[in-house]
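Worksheet: one structure, shown below.
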Amino acid sequence: MVASPVRGMREEQRRQEQPKQGKTGSEWAQGPSGNGKIPAPGGGWKSGLPAFGVALALLGGLFFLNPAQGREVARLWKESTYTVLGLLPPVFLLLGLFDSWVSRERIIPLLGEGSGIRGGVLATLLGALAAGPLYLSFPIAEVMLVKGASLRNVFVFVGAWSTMKIPMFLFEVGSLGGRFAVVRYAVSLVGIVLIAKGTELFLGKEERRFLLTRYETEA
Amino acid sequence: MCAVDRSTLALYGLTGVLFALSWMKDRTKTRLALKKAWKTLSGMVFLMGSIMLFAALGVVLVPQEVLVRVLGRESGFFGAFLASLVGAVTLIPAFVAFPTAKILLDAGAGVLQIGVFVSTLMMVGVVTLPLESRIFGRKAAVARNALAYLWSFVAGYVVFWAVR
Numbered sequence: 066m067v068a069s070p071v072r073g074m075r076e077e078q079r080r081q082e083q084p085k086q087g088k089t090g091s092e093w094a095q096g097p098s099g100n101g102k103i104p105a106p107g108g109g110w111k112s113g114l115p116a117f118g119v120a121l122a123l124l125g126g127l128f129f130l131n132p133a134q135g136r137e138v139a140r141l142w143k144e145s146t147y148t149v150l151g152l153l154p155p156v157f158l159l160l161g162l163f164d165s166w167v168s169r170e171r172i173i174p175l176l177g178e179g180s181g182i183r184g185g186v187l188a189t190l191l192g193a194l195a196a197g198p199l200y201l202s203f204p205i206a207e208v209m210l211v212k213g214a215s216l217r218n219v220f221v222f223v224g225a226w227s228t229m230k231i232p233m234f235l236f237e238v239g240s241l242g243g244r245f246a247v248v249r250y251a252v253s254l255v256g257i258v259l260i261a262k263g264t265e266l267f268l269g270k271e272e273r274r275f276l277l278t279r280y281e282t283e284a
Numbered sequence: 005m006c007a008v009d010r011s012t013l014a015l016y017g018l019t020g021v022l023f024a025l026s027w028m029k030d031r032t033k034t035r036l037a038l039k040k041a042w043k044t045l046s047g048m049v050f051l052m053g054s055i056m057l058f059a060a061l062g063v064v065l066v067p068q069e070v071l072v073r074v075l076g077r078e079s080g081f082f083g084a085f086l087a088s089l090v091g092a093v094t095l096i097p098a099f100v101a102f103p104t105a106k107i108l109l110d111a112g113a114g115v116l117q118i119g120v121f122v123s124t125l126m127m128v129g130v131v132t133l134p135l136e137s138r139i140f141g142r143k144a145a146v147a148r149n150a151l152a153y154l155w156s157f158v159a160g161y162v163v164f165w166a167v168r
């Protein structure tokens, strides 16, 4: 067992690097899940199996009751899965890069507790400039929390992602008309801020602190 | 569909370039990034798969004629309420949802009902609640969705009032 010197050096480097990285969201998957109130984010690949089973059972039932509709569902499923499978790897790879290169110290003044209105505006822009279905925003929100963004800004980000995406807005103008889309967009902007504030208030001090400290670096 | 493919390609290109840069600068960090990416990705594969299956079930099992009947101009608050339920539980991608909403409007659905439908569809995700709870905790995820649900009615009424 002779470890190559190069490898040894890299190992050493890694050991020095890691404490600076702190605990990341995905690493929490293996750690204790806080006080047990909230499941650890990330989770293993098995965590989605029950939902997957239920969905498959429903599809099986539909195939049994109405084969034509079952085939239609299967076709749509295949199509959307291809789309998302194409989208997921680069998104998660970029998230991984972001996670290992950008430190909390860089993000906290931009999106953290004291970032004020500018932080809110930035969170809105980040969400609005995104593309992809809402559930793609959740892992990104997780990394934002890991990097020290405030809860309110993260909720604003998710809200903006859900309903203020620019490409989607353009599409809405095209199909439902400018007036419909613009008015809905404006009302949504007010809405996501109120919803973010409301959600934060509803959580109370204790839970807010728990959600934030769960991601805090231990170093 | 071609546009989607092109933007996906661009995304892959960007990822590749950034990874190459990252690899040249610091291999350890790059490896860490790969490891993190794999962990989050593998943790989500089955949940994403089931979400997409639920979405497909919703699209097929709720036929358009039913929607038009339920969401008619005269259906008032009750119609808006039903629209909100459909919007909250189904998960339809935007490039399907907006043309569908347009068809529904032309077929006689009301602006209020469609406004509420579109808003809940985007902001409320009952199907994705488990995924959201994993990151924000159940309480926060439910609160965000409940508030977004209520706000969708405000959005629907304002749009109705403005478009009229």
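Protein sequences, first through last, are from chains A and B.
The first sequence begins at 66 in the numbering used here and counts up by one.
The second sequence begins at 5 in the numbering used here and counts up by one.
Beta carbons: idealized from backbone N, C-alpha and C, even for Gly.
_Starting from I96(B), trace the alpha helix (DSSP H) in both directions and tell me its first and last residue._
As a working mapping, residue 96(B) is identified with position 92 in the second sequence. Counting along the chain, I96(B) falls outside any alpha helix (DSSP H), and DSSP gives it neither H nor E.
*Rank L150(A), V223(A), G151(A) by C-alpha distance to the C-alpha of L190(A) and give the top, closest one.*
Taking the first residue of the first sequence as position 1, residue 190(A) is located at position 125. Residue V223(A) is the option with its Cα nearest to L190(A).
*Using a cut-off of 8 angstroms between C-beta atoms, extract the partners of V248(A) located in chain B.*
Residue 248(A) sits at position 183 when you count from the first residue of the first sequence. Within 8 angstroms Cβ-Cβ: V162, V163, A166, V167.
*Indicate the three-state DSSP secondary structure (helix, strand or coil) for A214(A) in the structure shown.*
Position 149 of the first sequence, counting from 1, holds the residue named residue 214(A). Coil, per DSSP.
*Looking at the structure shown, is A111(B) part of a helix, part of a strand, or coil, going by DSSP?*
Here residue 111(B) corresponds to residue number 107 of the second sequence, with the count starting at 1. The answer is coil: DSSP assigns A111(B) none of H, G, I, E or B.
*asked:* So with CB distances below 7 angstroms, who are the chain A contacts of L151(B)?
replied: In the second sequence, residue 151(B) corresponds to position 147, counting from 1. I260, G263, T264, listed in chain order.
*Taking DSSP as the reference, what is the three-state secondary structure of G371(A)?*
Outside the modelled stretch of chain A, which goes from 66 to 284, sits residue 371(A), for which no answer is possible.
_Which residues does DSSP list as the beta-bridge partners of G76(B)?_
By 1-based counting over the second sequence, the position of residue 76(B) is 72. Partner(s): A113(B).
*Chain-order list of residues whose beta-carbon lies under 7 angstroms from that of I173(A) (same chain, five-residue window excluded)*: Locating residue 173(A) in the first sequence gives position 108, counting from the first residue. So the qualifying residues of the chain are G213.
*asked:* Can you tell me whether V156(A) is buried or exposed? The criterion is at least 16 other CB atoms within 10 Å of its CB, across all chains shown.
replied: By one-based count along the first sequence, residue 156(A) stands at place 91. V156(A) comes out buried.
*V163(B) classed as buried or exposed, judged by whether at least 16 other C-beta atoms fall within 10 angstroms*: Within the second sequence, numbered from 1, the residue matching residue 163(B) stands at position 159. So V163(B) ends up on the buried side.
*When you check each C-beta in the region 122-149 of chain B against every C-beta of chain A, which residues fall closer than 8 angstroms?*
V122, S123, M126, M127, G129, T132, P134, L135, E136, S137, R138, I139, F140, G141, R142, K143, A144, A147, R148
*Other residues of its chain near G96(A): CB distance less than 6 angstroms, five sequence neighbours each side excluded*: As a position in the first sequence, residue 96(A) is number 31, starting the count at 1. Low local confidence applies: a pLDDT of 33 at G96(A) is under 50, so the model's placement there is unreliable, and no value is given.
*Distance, K143(B) Cα to L268(A) Cα*: Mapped onto the first sequence, residue 268(A) falls at position 203. Mapped onto the second sequence, residue 143(B) falls at position 139. Rounded to the nearest angstrom, the two C-alpha atoms are 7 angstroms apart.
_For the region 41-68 of chain B, list every residue whose C-beta sits within 9 angstroms of some C-beta in chain A, in sequence order._
A41, W42, K43, T44, L45, S46, G47, M48, V49, F50, L51, M52, G53, S54, I55, M56, L57, F58, A59, A60, L61, V63, V64, L65
*When we look at the beta-carbon of Y147(A) and count the other beta-carbons within 10 Å, is it buried (16 or more) or exposed?*
The residue given as residue 147(A) occupies position 82 in the first sequence. Per the 10 Å Cβ criterion, exposed.
*Straight-line CA distance for G263(A) to A166(B)?*
The residue you call residue 263(A) lines up with position 198 of the first sequence. The residue you call residue 166(B) lines up with position 162 of the second sequence. Each residue's alpha carbon lies about 26 angstroms from the other.
_Proximity of Q68(B) and A111(B) at Cβ, strictly below 9 angstroms_ = Locating residue 68(B) in the second sequence gives position 64, where the first residue counts as 1. Locating residue 111(B) in the second sequence gives position 107, where the first residue counts as 1. Yes. Within cutoff.
*Following the continuous alpha helix (DSSP H) through A261(A), name the residue where it begins and the one where it ends.*
Walking along the first sequence from the start, residue 261(A) turns up at place 196. Run containing A261(A): 243-278, per the alpha helix (DSSP H) assignment.
*Got a sec, what are the start and stop residues for the alpha helix (DSSP H) P132(A) sits in?*
Residue numbering aside, residue 132(A) sits at position 67 when the first sequence is read from its first letter. That run of the alpha helix (DSSP H) goes 132-166.
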